[in-house]
Structure formats: structure tokens, C-alpha cells
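The numbering of the sequence shown is this note's numbering, which starts it at 7 and goes up by one.
So the structure is just underneath, and the comments pick up after that.
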Amino acid sequence: MIVVFLLFVLSGKPAEGQIPLDVCSTCHANATCDDKSDGSGKVCNCKYGFVGNGRTFCQDKDECQIGANKICGLHTTCHNTYGSYYCTCLAGYSPSNNMAVFIPNDGTHCQDIDECRITGQCGEGAQCRNLNGSFDCSCQVGYKIHNGVEPFHPLRDKASCKVVDCGQPASVEDAMLLSATGTTYGNVATFICDEGFVWRRGDNRSVCGAEGLWSKTNMVCEAKCGPVPFLANSEVVLHNRSVVIHRCMAGYHSWRGSNISVCASSGVWQKATLRCIKIKPSIHHLLIFNESCLRWKAEKYEEDTEVYKVTYTGSRDYQRYFYDKRKKFLSSKADRLELCLSLLPVTNYSIAVTATSARFTATITISTSLPVPPGPVVYYREFDTPLPVLSLWRSPNTLDPISLYQVFVLPGEGIMMFNCSCPAKATPPSKVNSPAEYITAQFDVHYVGTEMNFTIGDGLLYGGFYNAPLESGKNYYIILRAVSQWKTAFKSSCVLWARVRAISYALRVSLLSAVATIGVVAVVFWGGYSITWYGKWYTHFITFHFHTLNVILCLSSYTDLSVH
Numbered sequence: 007m008i009v010v011f012l013l014f015v016l017s018g019k020p021a022e023g024q025i026p027l028d029v030c031s032t033c034h035a036n037a038t039c040d041d042k043s044d045g046s047g048k049v050c051n052c053k054y055g056f057v058g059n060g061r062t063f064c065q066d067k068d069e070c071q072i073g074a075n076k077i078c079g080l081h082t083t084c085h086n087t088y089g090s091y092y093c094t095c096l097a098g099y100s101p102s103n104n105m106a107v108f109i110p111n112d113g114t115h116c117q118d119i120d121e122c123r124i125t126g127q128c129g130e131g132a133q134c135r136n137l138n139g140s141f142d143c144s145c146q147v148g149y150k151i152h153n154g155v156e157p158f159h160p161l162r163d164k165a166s167c168k169v170v171d172c173g174q175p176a177s178v179e180d181a182m183l184l185s186a187t188g189t190t191y192g193n194v195a196t197f198i199c200d201e202g203f204v205w206r207r208g209d210n211r212s213v214c215g216a217e218g219l220w221s222k223t224n225m226v227c228e229a230k231c232g233p234v235p236f237l238a239n240s241e242v243v244l245h246n247r248s249v250v251i252h253r254c255m256a257g258y259h260s261w262r263g264s265n266i267s268v269c270a271s272s273g274v275w276q277k278a279t280l281r282c283i284k285i286k287p288s289i290h291h292l293l294i295f296n297e298s299c300l301r302w303k304a305e306k307y308e309e310d311t312e313v314y315k316v317t318y319t320g321s322r323d324y325q326r327y328f329y330d331k332r333k334k335f336l337s338s339k340a341d342r343l344e345l346c347l348s349l350l351p352v353t354n355y356s357i358a359v360t361a362t363s364a365r366f367t368a369t370i371t372i373s374t375s376l377p378v379p380p381g382p383v384v385y386y387r388e389f390d391t392p393l394p395v396l397s398l399w400r401s402p403n404t405l406d407p408i409s410l411y412q413v414f415v416l417p418g419e420g421i422m423m424f425n426c427s428c429p430a431k432a433t434p435p436s437k438v439n440s441p442a443e444y445i446t447a448q449f450d451v452h453y454v455g456t457e458m459n460f461t462i463g464d465g466l467l468y469g470g471f472y473n474a475p476l477e478s479g480k481n482y483y484i485i486l487r488a489v490s491q492w493k494t495a496f497k498s499s500c501v502l503w504a505r506v507r508a509i510s511y512a513l514r515v516s517l518l519s520a521v522a523t524i525g526v527v528a529v530v531f532w533g534g535y536s537i538t539w540y541g542k543w544y545t546h547f548i549t550f551h552f553h554t555l556n557v558i559l560c561l562s563s564y565t566d567l568s569v570h
């Protein structure tokens with residue numbers, strides 16, 4: 007029964023025994039009560055601009071949510087209202103019905119506004135350009151943008167157009183300004199030649215251009231004496247009426263003579279006598295002689311004293327941390343100069359010579375050669391032992407380019423010639439006699455130190471050379487050679503270091519016996535002093551034996567040795 011009742015209620019038909027329901031009384035305030043299309047009764051419908059079931063609710067419909075362009079058209083803004091909406095045009099556009107607001111149900115649309123119809127929209131000197139929904143401005147000819155860039159918008163930007171002003175007309179050589187109609191765009195300035203000059207050709211007018219510059223006039227005014235005098239290698243720096251001042255062109259300098267030409271009353275130029283000669287480098291023909299001296303030629307405008315600064319820097323390939331930097335100064339008026347420097351041997355030098363007043367620098371390089379090394383510092387000694395100990399001294403801070411030391415053993419019999427520059431023969435093997443000199447030891451200079459002691463004949467190897475024992479009963483000379491080597495160069499110097507006298511035991515006994523015999527004979531004959539013939543015989547005998555002893559001693563103690 008309940009279901010049947012609800013069906014009757016919903017169908018609008020009253021149930022049996024019930025009063026019919028008034029549908030219109032149930033409609034929402036924003037709804038209307040309308041007849042059904044099939045004539046079966048009434049129904050509640052929300053009014054235009056509202057959506058809902060018509061009875062329990064009818065809420066506002068936002069027509070603008072589908073987009074302004076779709077509901078209002080192009081260039082519009084949609085505004086929703088309670089139960090309705092309206093449209094407005096965007097800035098730069100206006101409605102076709104000239105109404106501020108509209109609903110486009112009558113064909114109303116938004117159309118572009120031509121802002122350029124308004125006189126002076128862009129300001130003085132500017133021209134307006136209409137755009138779709140807007141406009142912009144640019145300056146007319148004779149005006150230029152101020153406080154901005156083109157194009158500009160007068161309401162958005164602070165830019166404006168100002169009239170072009172060229173300022174004072176530019177000067178014209180040998181002419182003066184006669185008149186000017188103004189300084190703004192299109193104005194004209196007129197020139198006439200200075201006194202003493204004649205207008206020969208060209209336009210004497212200059213016009214203020216749109217870019218704010220005066221046009222360059224090609225007016226030519228010549229002195230009454232005719233064209234300016236020509237001086238070789240010169241240019242005109244001043245041409246005032248009838249006076250011309252010349253100067254030498256770049257790369258040339260003046261050498262005597264006047265630099266002024268004057269137009270005389272006779273109408274003839276008194277020509278300047280200036281001579282312009284080519285500038286040469288302040289220092290040229292720089293060269294090195296004797297490996298340590300500089301020679302160069304100086305070019306000076308006048309006979310002034312020039313100060314030269316000579317800076318030289320040296321380095322060595324074989325000494326990584328070696329660095330030699332020095333400088334010298336030389337003042338001179340001469341045009342040919344020489345200066346000797348204390349350059350070190352076997353050194354690569356870069357030398358710069360600067361003329362201080364002329365601010366000119368010339369450079370040259372040199373690699374100094376290998377010199378003969380200084381002789382080793384030794385003390386000559388004589389020994390009677392087959393194992394003499396010799397000493398060598400060397401300064402720890404020396405800059406001499408000594409590479410190594412070699413010890414030579416020479417036989418001490420007869421006259422011996424020794425050539426220091428010739429290479430020596432190999433060391434003789436142990437216990438093998440050798441009549442010629444040989445190297446018995448070789449020492450690298452880095453291992454010598456400040457002092458070195460060395461024993462001759464100890465039978466050891468030194469630098470790959472065998473220090474052979476000295477033979478008993480023979481005499482020797484010991485020579486020390488200092489060697490400098492650099493690439494293919496070889497230089498050496500030698501000193502006599504010692505003499506070793508290895509006298510045998512038999513020879514010493516013989517000498518002592520001879521001396522003893524002579525002493526005994528002298529004592530015996532001294533007692534017979536009164537006998538004349540004995541005295542004479544004694545004298546001849548003593549003299550003979552002393553001479554004999556002297557010869558033996560000389561032979562045993564002296565041998566001529568020359569060292570080259």
C-alpha cells in the first residue's frame with residue numbers, strides 16, 4: 007500500500023481518498039511552475055540563469071566558466087551575475103553597440119579602437135602607429151628619441167621625442183662662419199674664406215642633418231700666394247691666413263731649418279727650410295767582440311748625453327740552478343760606443359741595451375766558450391817513498407767550469423817533455439814496466455770537495471784508472487791536470503805536483519861507502535901537510551873524488567822536466 011501511495015504522489019495523482027497535491031506550491035523561489043509537455047500535470051523548472059531540480063534547490067549558473075571568448079566573443083571579459091552575466095571589451099577595444107556592457111545576443115562584438123585618431127597622442131615630433139588593441143610611437147625626421155628607445159608608448163614609457171640640435175657648425179679650414187639659419191634639423195650654415203685666402207672650389211654651406219651632425223663642407227680656401235709649399239716627408243699642422251707651420255711626418259725627425267712658410271706681400275711664398283730625415287733606431291749595429299765586449303752605434307737627434315742601461319742574464323745548460331743577472335750604466339755623447347762586461351765562461355747570455363731617453367732597446371745573445379781552466383792549487387813536494395800522499399785544494403763556491411782532475415805519472419829518467427793538451431795513454435797493467443807517462447787516477451770535480459788527499463801507487467782503481475804501484479829504484483814526476491769539457495770542446499791546464507825518488511838500497515850503500523872512504527883519506531893525508539909533493543897529490547885526489555861524488559849526486563837528484 008505504501009508503494010502504491012508513493013507512486014500516486016510522484017505521479018501527481020492523488021490516492022484514493024486523498025486530496026490532490028499542489029505541485030506549484032512546492033517550486034523553488036528561483037523556479038517557475040510550468041505545464042508538462044504531455045499535458046499530464048505541472049512541473050517546477052529553475053529560471054534562466056539557475057540550475058537545479060526546481061523544487062528543493064535552484065542555484066546560480068556561472069556562464070563565464072566556459073570562457074569569455076566562447077560566451078562574449080573575442081577581446082572581451084565575461085562578468086557573472088546572480089542568475090545572469092554581462093560582457094565588457096578589453097582595453098583598446100570598444101563594443102559595436104557603443105554600450106559599456108552588453109550581452110552578445112544581438113550580435114554585439116568588440117572592435118579595435120584607433121588611438122591614433124587623437125591628435126598629439128604621441129607628443130610633439132612623434133608619429134603614431136595603430137596596433138590591434140594598442141598603439142606605439144616613433145620620432146619623426148628632425149627629432150630624436152629622448153630617455154628611451156623606439157618604438158615607445160607614452161603612457162607606459164617615459165620616452166619622448168626632442169628636436170634634433172646640431173649645435174655650433176663645425177669649423178672649416180682657412181674659413182669663418184658667415185651666417186646660420188639655426189642649429190636644428192634642416193638649418194644651413196654659410197662660410198667665407200679668411201682674410202688672405204681665396205675661395206677656389208667646393209660648397210661653402212653646411213646643413214644640420216637628421217642624425218644631429220652638420221654635413222661636412224668641401225669648401226677649399228687657398229692663400230693668395232697659391233697652394234701651400236711642399237716639404238718632403240712633412241705635413242701641415244697649422245694654416246692660418248698666410249702662415250703655414252710644417253712638421254715632419256711619423257718616422258722622420260727634423261734636422262735644422264725653419265718649419266714656417268710665410269706668404270709675402272709680393273704674392274710669393276717664403277718657403278720653410280725644414281729638413282726631415284728618416285728616424286733610425288737609437289741603437290743599431292749591436293755586436294759582441296772578444297766574447298765579453300759590446301759595440302754599437304747611437305742615433306741621436308742632437309748632441310745630448312744619452313744614458314744606456316745594459317742588462318745581461320746568463321744561464322748554464324749543465325748547471326740547473328745557475329743564474330747570473332747583472333746590469334751596468336753608461337753615459338755618453340758619442341755615436342760609437344764600446345762596453346766590456348765580465349761574462350762568465352760556458353754560459354748562455356741574453357744582453358739588452360736600452361737608450362733610456364729614447365726608450366729604445368736592442369738585444370743580442372751569446373754563448374761564451376770554454377776557457378782554459380785555472381791551474382789546480384797544490385804545493386810541490388819531493389818524496390823518497392814509493393807511496394807518497396799528495397793534497398789538492400778547491401774552493402767550494404768556485405764558478406770555474408772544471409769537469410775533472412787527472413793524475414799523471416811520468417818516468418823521471420833523462421829529459422822528459424810533457425804536452426798537457428794531449429790525451430794520455432791507458433794505465434799500465436800491474437807489474438808491467440811502461441817507459442811513457444800514464445794516468446794513474448781520475449776524479450770527477452763533484453767528488454773532490456774543498457780538500458782531497460791521494461796516495462800514489464796504492465794499487466786501487468780511481469775513475470776507471472789503475473793506480474799502479476811505483477817501481478823500486480826508479481824516479482817519477484807526478485803531474486796534476488785540470489780538465490774542462492763541454493760538448494766537443496776540451497781544455498786543460500797542468501801543474502807539477504811532486505817528484506818521487508825511489509833510490510835503491512844498493513845505490514844508497516855505495517854512496518855512503520864513497521863518502522866514508524874520502525873522509526878517511528882526508529884524515530891520513532892531513533898529517534903529512536909539510537911534505538909538498540904529498541900535499542899536491544892529496545889535493546888532486548880530493549878534488550877528483552869530490553867531483554866524482556858531485557856527478558853522482560846530480561845524476562841521482564836532477565832530471566830536466568818541461569811542462570807545456
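We put the beta carbon where it would ideally sit given N, CA and C, even for glycine.
Could you check the C-alpha separation between residue i and residue j for me, to the nearest Å?
i, j, result
"S399", "D390", "Per the sequence presented here, residue 399 reads as Trp, with Ser not at that position. So the two alpha carbons sit approximately 23 Å from each other."
"C84", "R162", "26 Å"
"G173", "T279", "41 Å"
"D40", "S46", "11 Å"
"D171", "V213", "11 Å"
"F295", "S490", "23 Å"
"F414", "P377", "22 Å"
"M225", "N239", "26 Å"
"R207", "I266", "26 Å"
"I119", "Q71", "27 Å"
"G469", "D450", "8 Å"
"L336", "C346", "11 Å"
"L237", "G273", "19 Å"
"N51", "F63", "10 Å"
"A447", "R326", "28 Å"
"P160", "T94", "25 Å"
"E457", "P475", "23 Å"
"S102", "G79", "12 Å"
"H546", "M423", "Residue placement at H546 cannot be trusted, given a pLDDT of 36 that sits under 50; what the coordinates show is reported in the next sentence. Answer to the nearest angstrom: the Cα atoms are 39 Å apart."
"E344", "Y324", "31 Å"
"C269", "M182", "20 Å"
"N59", "S31", "14 Å"
"K164", "Q65", "50 Å"
"T360", "G263", "30 Å"
Going by the beta-carbon positions, is the gap between residue i and residue j smaller than 8 Å?
i, j, result
"T317", "A358", "yes"
"Q117", "Y99", "yes"
"G192", "C167", "no"
"L96", "H115", "no"
"H291", "W302", "yes"
"A37", "K48", "no"
"G55", "K42", "no"
"G381", "L350", "no"
"D180", "D200", "yes"
"F197", "T223", "yes"
"G463", "L393", "yes"
"Y472", "P417", "no"
"I484", "V506", "yes"
"Y258", "K277", "no"
"S348", "C426", "no"
"S298", "C282", "no"
What whole-angstrom Cβ distance do residue i and residue j have, given they're in contact under 8 Å?
i, j, result
"P379", "K497", "6 Å"
"A176", "W220", "5 Å"
"T369", "T353", "Between T353 and T369 the Cβ distance is about 16 Å, and since that is not below 8 Å, they are no contact."
"K315", "K333", "6 Å"
"Y386", "L502", "6 Å"
"T362", "V313", "5 Å"
Taking the alpha carbon of residue i as the reference point, which residue from the options has its own alpha carbon closest?
i, options, result
"A6", "R207, V178 and E228", "Examination of residue 6 is not possible in this model, given that the chain is present from 7 through 570 alone."
"T190", "F158, D180, L347 and G148", "G148"
"F158", "V169, D142 and I119", "D142"
"H245", "I408, G218, A229 and L300", "A229"
"V57", "I77, E388, A495 and S90", "S90"
"N138", "C122, G129 and K150", "C122"
"V454", "I408, P101 and G215", "I408"
"Y444", "I124, Q412, T461 and R281", "Q412"
"V384", "A504, F424 and K306", "A504"
"G73", "Q65, R61, Y92 and D406", "Y92"
"G215", "C231, K150, E241 and K331", "K150"
Decide yes or no for the touch test of the region 96 to 112 against the region 151 to 164: beta carbon pairs closer than 8 Å, at least 3 of them.
no
Contact between the region 181 to 192 and the region 250 to 263 (3+ Cβ pairs under 8 Å)
no
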